[in-house]
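Residue numbers (our numbering): 1009 to 1099.
Structural data, given as structure tokens:
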């Protein structure tokens, strides 16, 4: 699996930035992640797709914090705990 993660990082330099942001800020919300990396929603989606597909980054959905936004689920991201050590080693 480490080889697959390494290949993903080497295929797109922004992958390293995304993984570093998620490792440093577990349970980071989608809009915060996009803002931190300076990416549009589509760019973030394109970057996350292979990482979530291989379950390197996990996407969790929960209710929003305030009752006004409760109908819109909040998406947060974290590195798969089983792979976190390997990811940290590659960063």
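Note that CB positions come from ideal geometry on N, CA and C, so glycine has one too.
Keeping to the same chain, check which residues put their C-beta closer than 6 Å to that of residue 1042; ignore five residues upstream and five downstream.
For the purposes of this step, residue 1042 is identified with residue 34 of the chain shown, where counting begins at 1. Excluding five sequence positions before and after residue 1042, the CB atoms of its chain that fall closer than 6 Å to its own CB belong to 1052, given in chain order.
With DSSP as the reference, please indicate the residues paired to residue 1085 in a beta bridge.
Here residue 1085 is taken as the residue at index 77 of the chain shown, counted from 1. Residue 1085 is bridged to 1036, 1067.
Quick check: residue 1084 and residue 1036, are their CB atoms within less than 8 Å of each other?
By one-based count along the chain shown, residue 1084 stands at place 76. By one-based count along the chain shown, residue 1036 stands at place 28. Yes, the pair counts as a contact, with Cβ atoms nearer than the cut-off.
Pick out whichever of 1069, 1070, 1010, 1055 has its Cα sitting closest to the Cα of residue 1029.
Here residue 1029 refers to the residue found at position 21 when the chain shown is read from its first residue. The candidate whose alpha carbon is nearest that of residue 1029 is 1055.
Buried or exposed for residue 1080, going by 16 or more other Cβ atoms inside 10 Å?
One-based indexing of the chain shown puts residue 1080 at position 72. It counts as exposed.
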